[in-house]
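Those sequence lines, one after another, are chains A and B. As numbered in the working numbering, residues 201 to 672 make up the first sequence, in order. As numbered in the working numbering, residues 2 to 470 make up the second sequence, in order. For reference, the structure discussed in these notes is given below.
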Amino acid sequence: MTGIVDTLTLTAEDALGLVERREVSPTELHATYLEAIAARDDELHCYLRTVDEAEGTSIPIALKDVISTRGVETTAGSRILSGYVPVFDATVAERCKAAGLSLLGKTNTDEFAMGSSTENSGFGPTRNPWDPALVPGGSGGGTAAAVSAGLAPWGLGSDTGGSIKQPSALCGNVGLRPTYGTVSRFGIVAFASSLDQVGPVAKTVRDVALLYRIIAGRDPADSTTVELPAPVELPTDERLDGLRIGVPRQALALEAIAPGVRAVFEAVLERARELGADVGECELPLSFDYGLPCYYLIAPAEASSNLARYDGVRFGRRSAGTTYREMVERTRDEGFGDEPKRRIMLGTYALSAGYYDAYYGQAQRVRTLVVREHAAAFERFDVLATPTSPTVAFPIGDRAADPLAMYACDLLTIPSCLAGLPGLNVPCGFSDDLPVGLQLIGPQFGENTLFRAGHALERALALDLVPGRLRG
Amino acid sequence: MTWEPVIGLEIHVQLKTRTKMFCRCPVGFGARENTQTCPVCLGFPGALPVPNRTAIEWVVKLGLALGCEVASRAVFARKNYFYPDLPKGYQISQYDLPSCINGKVIVPLPDGEHEVGIVRAHLEEDAAKNVHVGGRTGRIGGADYTLVDYNRGGTPLVEIVTAPDIHSAEEAKRFLQLLRQTIVELGVSDAEMEKGTLRVDANVSVRPDGSDELRTRCEIKNMNSFTHIARGIDAEIDRQIAVWESGGEVEQHTYDFDVATGTLTSRRAKEEADDYRYFPEPDLVPVEPPADLVERLRAELPELPAERIRRVGTALDHERALVLVTGGLDGLWEATVAQGAEPVAASNVVANQLVGAGVDSAAVDPAELAKLVAARDRIPRKAFDEAIAMVGDPGFSAAPYLELETVSDAAALEPIVDAILAANPAQVEQYRGGKDGLLGFFVGQVMKETRGQADARAVNELVRAKLEA
Numbered sequence: 201m202t203g204i205v206d207t208l209t210l211t212a213e214d215a216l217g218l219v220e221r222r223e224v225s226p227t228e229l230h231a232t233y234l235e236a237i238a239a240r241d242d243e244l245h246c247y248l249r250t251v252d253e254a255e256g257t258s259i260p261i262a263l264k265d266v267i268s269t270r271g272v273e274t275t276a277g278s279r280i281l282s283g284y285v286p287v288f289d290a291t292v293a294e295r296c297k298a299a300g301l302s303l304l305g306k307t308n309t310d311e312f313a314m315g316s317s318t319e320n321s322g323f324g325p326t327r328n329p330w331d332p333a334l335v336p337g338g339s340g341g342g343t344a345a346a347v348s349a350g351l352a353p354w355g356l357g358s359d360t361g362g363s364i365k366q367p368s369a370l371c372g373n374v375g376l377r378p379t380y381g382t383v384s385r386f387g388i389v390a391f392a393s394s395l396d397q398v399g400p401v402a403k404t405v406r407d408v409a410l411l412y413r414i415i416a417g418r419d420p421a422d423s424t425t426v427e428l429p430a431p432v433e434l435p436t437d438e439r440l441d442g443l444r445i446g447v448p449r450q451a452l453a454l455e456a457i458a459p460g461v462r463a464v465f466e467a468v469l470e471r472a473r474e475l476g477a478d479v480g481e482c483e484l485p486l487s488f489d490y491g492l493p494c495y496y497l498i499a500p501a502e503a504s505s506n507l508a509r510y511d512g513v514r515f516g517r518r519s520a521g522t523t524y525r526e527m528v529e530r531t532r533d534e535g536f537g538d539e540p541k542r543r544i545m546l547g548t549y550a551l552s553a554g555y556y557d558a559y560y561g562q563a564q565r566v567r568t569l570v571v572r573e574h575a576a577a578f579e580r581f582d583v584l585a586t587p588t589s590p591t592v593a594f595p596i597g598d599r600a601a602d603p604l605a606m607y608a609c610d611l612l613t614i615p616s617c618l619a620g621l622p623g624l625n626v627p628c629g630f631s632d633d634l635p636v637g638l639q640l641i642g643p644q645f646g647e648n649t650l651f652r653a654g655h656a657l658e659r660a661l662a663l664d665l666v667p668g669r670l671r672g
Numbered sequence: 002m003t004w005e006p007v008i009g010l011e012i013h014v015q016l017k018t019r020t021k022m023f024c025r026c027p028v029g030f031g032a033r034e035n036t037q038t039c040p041v042c043l044g045f046p047g048a049l050p051v052p053n054r055t056a057i058e059w060v061v062k063l064g065l066a067l068g069c070e071v072a073s074r075a076v077f078a079r080k081n082y083f084y085p086d087l088p089k090g091y092q093i094s095q096y097d098l099p100s101c102i103n104g105k106v107i108v109p110l111p112d113g114e115h116e117v118g119i120v121r122a123h124l125e126e127d128a129a130k131n132v133h134v135g136g137r138t139g140r141i142g143g144a145d146y147t148l149v150d151y152n153r154g155g156t157p158l159v160e161i162v163t164a165p166d167i168h169s170a171e172e173a174k175r176f177l178q179l180l181r182q183t184i185v186e187l188g189v190s191d192a193e194m195e196k197g198t199l200r201v202d203a204n205v206s207v208r209p210d211g212s213d214e215l216r217t218r219c220e221i222k223n224m225n226s227f228t229h230i231a232r233g234i235d236a237e238i239d240r241q242i243a244v245w246e247s248g249g250e251v252e253q254h255t256y257d258f259d260v261a262t263g264t265l266t267s268r269r270a271k272e273e274a275d276d277y278r279y280f281p282e283p284d285l286v287p288v289e290p291p292a293d294l295v296e297r298l299r300a301e302l303p304e305l306p307a308e309r310i311r312r313v314g315t316a317l318d319h320e321r322a323l324v325l326v327t328g329g330l331d332g333l334w335e336a337t338v339a340q341g342a343e344p345v346a347a348s349n350v351v352a353n354q355l356v357g358a359g360v361d362s363a364a365v366d367p368a369e370l371a372k373l374v375a376a377r378d379r380i381p382r383k384a385f386d387e388a389i390a391m392v393g394d395p396g397f398s399a400a401p402y403l404e405l406e407t408v409s410d411a412a413a414l415e416p417i418v419d420a421i422l423a424a425n426p427a428q429v430e431q432y433r434g435g436k437d438g439l440l441g442f443f444v445g446q447v448m449k450e451t452r453g454q455a456d457a458r459a460v461n462e463l464v465r466a467k468l469e470a
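So, in structure tokens, the structure goes:
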């Protein structure tokens, strides 16, 4: 590549410095990333579409295609939204614009963010930059793969049950799912409203903190948002002295965790102790026994309702029909892929008269217990740690036919999502030459603690996270 | 066997807030179709609702006026169903935790006061307006095509549900008159049925007198005036009694009231079973009105129509009190009485003549009106009517009218009567031949000749005496 910078290694923070010192212009930087995309994205398919003109005074950003962008087609990875061009910006897109960031493009996602591999995209899968035969994780595989492949300095994803953290783990970068309510959902194509949360993906913890600072804070257009209780701090400390790290016994007991992942995780705990942390065991029995089934009642129930608006009447795709009913049925039949259909059916069933108490109602009660169990753990610990994903990236097609195997990808990320808590993926080593991610969970509004812990570990581990095969 | 009707009402009131329930689009009539819309009320992907604070205060205010308990925590819920007037595929409403519960309204009836329980009053958003074009059914099933105007979509609605405490069409009508007046006086809605800002569905069943069972009920929709509601309910009561008495069984059903024929037509069975899959709206936080807000709203409540009917009813009677209060006329009546007018006479003038003349009661000076009421039997009828028609005009003075005396003196009237009889010999002949009805003709002629100043009763007697002499 002939570019002025090496996008494979350039952090957002460094890029911001270059622009600030006028060593590179926003337009040049934007163009450099477009060149990288032109060179590598035919293979990887991180982007559903790119934006040629740099509109901004700062560095570029990639946005997951569930984020509404005024004047730029937004499909959420679904054919039912083909051709839909929002007339308004999501609040997070607006805040990025206000910060001078230029929109580089919209990244691929599992349809309506439903999936853990980005194979459910209505527009074809994204491939893992470490090995194109493998999945990048999901649903935010497009953003995660783009950051690791040097196709964006940073990006935004959305996380319902692990869609930021898990792809970051599988692609080897840093991803934050913020505390529920700290980032506006206005303009985010909804999957499960009580769980959806937008968050940053970048190469370093400091980059993630910088981007979180841009997007976080109360939005009058989203009633569920709150003001941050404290400003976002950029981490500098390289020690973990006095940090109490809790490891949920029930998480480690899961057989699904691959031996190679387990070994890397145990090594990083040892490293944390060396840096001064106190590592102990904690108990989250209900969260790990019932978290996944509880999630797969609540999320589909909300999804079944959120996806009702795709009827072909006002926007997006419309199939022909001789009656209103036939038009709606055919639009939804032809427009939705298998996974949204599966979840609409699950959710409709869970909310039906006579089943509500046993399914949705019961799941909400379990959710309350999950919240309490986590709160109790944070009385003794500052952060909790688990592997982010039970396995490293797996081959495309491996789990596509087995929904339950796919759902199990999120075994470790889901409990804290149900509890509304922040979670940070930090790369912590390799297994079979593929990245392994560490999941750090914080208490409500504990982002600054996560950044401090993540940053210290990141510095200590000093991993080379450029996919070898992409090195020129 | 005699039967007792059991009636419950479901009332939807469109609030006249400046903006919609969950977005900032203006609320109002008459705008061009689909110009008062935005991504939120059109249900675009990612758009989120933000509740209207005024609407939340107003449902509390209305609930308090209906004697309800105000929930310290109300929860919005999604009611899920597919229809083109519902852009999100769900309506945001309240379900198991509504804003107001357990109220009651005292309805004055000729045989005393009757209590109607208010089960709940909750807040929700209105649907858009469908216009089904072509076909004969007036429904989407048979239409050639359907147009949707989303201007109305998202307008704040309060749904009020009564207990099945109403036992006649007349009682339903009185309850609604009282409710409507309460809503209007609170200033939260125009509550006009013709405009659709007040909509009423009635649930009707009947049971043998003295029984306390609840038999199968039917719902009547689409009634656009209180009179139609009463007719619709009566028609349904008769229908159900006939079914039971012929040995049949009433089946649960929904009917439309056909205004033109005054009959009930069966509504096509719903296309789906009623499973709305309610669940708490995750895009909104619970509504928790602070106690001091509720107390402030309670303190701000004006004296309500039901209380005023009771108070006015002690000076008049319940019937007159009901008419005055539900017509919004009791204020003027009271002020007129305070100026010395006799209460019943003042009530008759205010409730009948003033309304009949189309006078705006708010513009009337009660002191001038009191003078007219006092002079009503003394001054010529025509002069009185003229005065009433103008009593609302700016700067109106009763004085010139009060000087006009009715001509009842026989000496003054006699020559005129004689002249009229002389001018109409044929009619005189016919009257004397037995055509009594012609009396009115002669009286009318005399009144015309005296330009209404003659005392009609005196003329009557004089004419009769002359003809029968």
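For each residue, glycine too, the CB sits at the ideal point set by N, CA and C.
(message) Are the CB atoms of A/S316 and A/N397 within a distance shorter than 9 Å?
(response) The sequence position of residue 397 of chain A within the first sequence is 197, counting from 1. The sequence position of residue 316 of chain A within the first sequence is 116, counting from 1. Note that residue 397 of chain A is Gln in the sequence shown here, rather than Asn. Cβ distance not < 9 Å, so A/Q397 and A/S316 don't count as in contact.
(message) Can you give me the C-alpha to C-alpha distance between B/G233 and B/T264, rounded to a whole angstrom?
(response) Sequence index remark: in the second sequence, residue 233 of chain B carries index 232 (1-based). Sequence index remark: in the second sequence, residue 264 of chain B carries index 263 (1-based). Our two residues, B/G233 and B/T264, have alpha carbons roughly 7 Å apart in a direct line.
(request) Compare the beta carbon distance of B/F258 and B/Q178 with 9 Å and say whether it is the shorter of the two. (result) Within the second sequence, residue 258 of chain B is the residue found at index 257, counting from 1. Within the second sequence, residue 178 of chain B is the residue found at index 177, counting from 1. No, the pair does not count as a contact, with Cβ atoms beyond the cut-off.
(request) Flag this pair as touching only if the stretch 87–95 of chain B and the stretch 103–116 of chain B have three or more C-beta atom pairs under 8 Å; answer yes or no. (result) no
(message) According to DSSP, simplified to helix, strand and coil, what is A/P595?
(response) Here residue 595 of chain A corresponds to residue number 395 of the first sequence, with the count starting at 1. Strand.
(request) Find out if the Cβ-Cβ distance for the pair B/F280, A/S505 is shorter than 9 Å. (result) Here residue 280 of chain B refers to the residue found at position 279 of the second sequence. Here residue 505 of chain A refers to the residue found at position 305 of the first sequence. Cβ atoms of B/F280 and A/S505: closer than 9 Å.
(request) Anything in chain B within Cβ reach of A/V566, meaning under 8 Å, just list it in chain order. (result) By 1-based counting over the first sequence, the position of residue 566 of chain A is 366. None at all; the shortest Cβ gap to chain B is about 15 Å.
(request) Anything in the stretch 27–43 of chain B with a Cβ closer than 9 Å to a Cβ of chain A? List those residues in chain order, please. (result) For the stretch 27–43 of chain B, the set of residues with a beta-carbon nearer than 9 Å to any beta-carbon of chain A comprises C39, P40, V41, L43, in chain order.
(request) Identify every run of the beta strand (DSSP E) within the stretch 305–365 of chain A, keeping only runs that are complete inside it and at least 3 residues long; order them along the chain. (result) 354–359
(request) Could you please give me the residues that DSSP links to B/P281 through a beta bridge? (result) Along the second sequence, read from residue 1 onward, the residue named residue 281 of chain B stands at position 280. The partner list for B/P281 (beta bridge, DSSP) reads B/A78.
(message) My output table needs one value for B/Q340: the three-state DSSP class, helix, strand or coil.
(response) Here residue 340 of chain B corresponds to residue number 339 of the second sequence, with the count starting at 1. Note: B/Q340 maps to coil in three-state DSSP.
(request) Quick one: give me the first and last residue of the alpha helix (DSSP H) that A/L675 is part of. (result) The question about residue 675 of chain A has no answer, for chain A in this structure spans 201 to 672.
(message) Relative to the C-alpha of B/D394, which candidate in B/Q354, B/D366, B/H168, B/C42 has its C-alpha closest?
(response) Sequence index remark: in the second sequence, residue 394 of chain B carries index 393 (1-based). Cα-wise, what sits closest to B/D394 is B/D366.
(request) State yes or no: is the beta carbon of B/A48 nearer than 9 Å to at least one beta carbon in chain A? (result) Looking up residue 48 of chain B in the second sequence gives position 47. Yes - at least one Cβ of chain A is within 9 Å of the one on B/A48.
(request) Could you tell me the distance, in whole angstroms, from the CA atom of A/L492 to the CA atom of B/G211? (result) Position 292 of the first sequence holds residue 492 of chain A. Position 210 of the second sequence holds residue 211 of chain B. Cα to Cα, A/L492 sits roughly 57 Å from B/G211.
(message) So, at 6 Å on beta carbons, what are the nonlocal neighbours of B/A170 in its own chain, with the 5 sequence-adjacent residues on each side left out?
(response) Indexing the second sequence from 1 puts residue 170 of chain B at position 169. Result list for B/A170: A231, I234, D235, in chain order.
(message) So B/G211 contacts chain A; which residues on that side make the cut at Cβ distance below 8 Å?
(response) Position 210 of the second sequence holds residue 211 of chain B. Within chain A, no residue comes near B/G211; the closest Cβ sits about 35 Å away, beyond 8 Å.
(request) Return the first residue and the last residue of the alpha helix (DSSP H) that B/D386 is part of. (result) Your numbering for residue 386 of chain B matches position 385 in the second sequence. Segment 382–391, the alpha helix (DSSP H) holding B/D386.
(message) DSSP three-state label for A/P378, please.
(response) What you label residue 378 of chain A is simply residue 178 of the first sequence in a count that begins at 1. Here A/P378 sits in coil by DSSP.
(request) Using alpha carbons as the reference points, say which of A/L218, A/E220, A/Y490 lies closest to A/L618. (result) Here residue 618 of chain A is taken as the residue at index 418 of the first sequence, counted from 1. With distances taken between Cα atoms, A/L618 lies closest to A/Y490.
(request) Pick helix, strand or coil for B/L16, following the three-state DSSP scheme. (result) Taking the second sequence and counting its residues from 1, one reaches residue 16 of chain B at position 15. Reduced to three states, the DSSP call for B/L16 is coil.
(message) In whole angstroms, give me the CA-to-CA distance for A/D633 and A/G340.
(response) Taking the first sequence and counting its residues from 1, the one referred to as residue 633 of chain A is at position 433. Taking the first sequence and counting its residues from 1, the one referred to as residue 340 of chain A is at position 140. If you take the alpha carbons of A/D633 and A/G340, they lie about 22 Å apart.
(request) State the DSSP-derived secondary structure class of B/K498, mapped to helix, strand or coil. (result) The displayed coordinates of chain B run from 2 to 470. Any statement about residue 498 of chain B would go beyond what the structure contains.
(request) Determine the extent of the beta strand (DSSP E) in which B/S267 is found, giving its start and end residues. (result) Residue mapping note: residue 267 of chain B aligns to position 266 of the second sequence, counting from 1. Going by DSSP, B/S267 is part of the beta strand (DSSP E) stretching over 264–267.
(request) Compare the C-beta of B/Y96 against all C-beta atoms of chain A and say whether one is closer than 9 Å. (result) Position 95 of the second sequence, counted from the start, is the residue given in the question as residue 96 of chain B. B/Y96 does not count as touching chain A.
(message) Using a Cβ-Cβ cutoff of less than 6 Å, which residues in the same chain neighbour B/Y432 once the five nearest sequence positions on both sides are dropped?
(response) Taking the first residue of the second sequence as 1, we reach residue 432 of chain B at position 431. For B/Y432, where only same-chain residues beyond five positions count, the Cβ hits under 6 Å are L439, L468.
(message) Using a 10 Å radius around the Cβ and a threshold of 16 neighbouring Cβ atoms, would you call B/M2 buried or exposed?
(response) For the purposes of this step, residue 2 of chain B is taken as residue 1 along the second sequence, with counting starting at 1. Classification for B/M2: exposed.
(message) 9 Å is my cut-off, CB to CB: does B/T147 come that close to chain A?
(response) Locating residue 147 of chain B in the second sequence gives position 146, where the first residue counts as 1. Yes, B/T147 lies at the interface with chain A (some Cβ there is under 9 Å from its Cβ).
(message) Suppose the cutoff is 7 Å on Cβ atoms and the five residues either side in sequence are ignored; what does the same chain contact list for A/V666 look like?
(response) By 1-based counting over the first sequence, the position of residue 666 of chain A is 466. Hits under 7 Å: L208, T209.
(request) May I have the straight-line CA-CA distance separating B/E125 from B/M22, to the nearest angstrom? (result) What you label residue 125 of chain B is simply residue 124 of the second sequence in a count that begins at 1. What you label residue 22 of chain B is simply residue 21 of the second sequence in a count that begins at 1. The alpha-carbon atoms of B/E125 and B/M22 are separated by roughly 8 Å.
(request) Anything in the stretch 418–430 of chain A with a Cβ closer than 8 Å to a Cβ of chain B? List those residues in chain order, please. (result) P420, A421, D422, S423, T424
(request) Provide the residue span of the beta strand (DSSP E) that contains B/S206, from first to last. (result) Taking the first residue of the second sequence as position 1, residue 206 of chain B is located at position 205. Here the beta strand (DSSP E) through B/S206 covers 199–209.
(message) So if DSSP puts B/C101 in a beta bridge, which residue, or which two residues, is it bridged to?
(response) Locating residue 101 of chain B in the second sequence gives position 100, counting from the first residue. Paired residues: B/V71, B/A122.
(message) At the level of alpha carbons, what is the spacing between B/A243 and B/E214?
(response) As a position in the second sequence, residue 243 of chain B is number 242, starting the count at 1. As a position in the second sequence, residue 214 of chain B is number 213, starting the count at 1. If I take the Cα positions, the gap works out to 18 Å.
(request) Using only alpha-carbon positions, find the residue among B/G328, B/P165, B/L333, B/G396 that is nearest to B/V7. (result) Residue 7 of chain B sits at position 6 when you count from the first residue of the second sequence. The shortest Cα separation from B/V7 among B/G328, B/P165, B/L333, B/G396 belongs to B/P165.
(request) Note down, in chain order, every chain B residue with its Cβ under 7 Å from the Cβ of A/L551. (result) The residue labelled residue 551 of chain A in the question sits at position 351 within the first sequence. Neighbours of A/L551 on chain B, chain order: R278, F280.
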